[in-house]
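Residue numbers (the numbering used here): -16 to 60. For every residue, glycine included, the Cβ atom is placed at its ideal position computed from N, Cα and C. Okay, structure first, notes after.
Right under this line is the structure:
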């Protein structure tokens, strides 16, 4: 699969829209990122559906996860 600049533009526009509609998410991730990710950090996610059902999961970051996060930060610029 080759690099498609039109698809990337679509993704960028969608991400920009998400950031406008949910400004707290970017600010939260920036705050977390500014403290630096390290192995052993636990990231927990919780989803509450309209019917009240909750889904919760978490991960404990490994050294590989930390390296992936650093790579994504470099791509972002």
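Hey, would you say residue i sits closer than 8 Å to residue j, going by beta carbons?
i, j, result
"residue 22", "residue 45", "yes"
"residue 26", "residue 41", "yes"
Assuming residue i and residue j make a contact with CB atoms under 8 Å, what is their CB distance in whole Å?
i, j, result
"residue 20", "residue 49", "5 Å"
Leaving aside the five residues before and after residue i along the sequence, list all residues of the same chain whose C-beta is less than 7 Å from its C-beta, in chain order.
i, result
"residue 9", "2"
Short of 6 Å in beta carbon distance, which residues of its chain neighbour residue i, apart from the five on each side in sequence? Order them along the chain.
i, result
"residue 28", "40"
Please report the distance separating the alpha-carbon of residue i from that of residue j.
i, j, result
"residue -9", "residue 15", "26 Å"
"residue 4", "residue 11", "14 Å"
"residue -7", "residue -15", "16 Å"
"residue -12", "residue 56", "20 Å"
"residue -2", "residue 30", "20 Å"
"residue 53", "residue 0", "24 Å"
"residue 6", "residue 13", "11 Å"
Next on the checklist: To test your reading of the DSSP string, which unbroken beta strand (DSSP E) runs of 3 or more residues are found completely within the stretch 4 to 57?
Outcome noted: The DSSP assignment places 25 to 31 and 37 to 43 as complete runs of the beta strand (DSSP E) inside the stretch 4 to 57, in order along the chain (cut-off: 3 residues).
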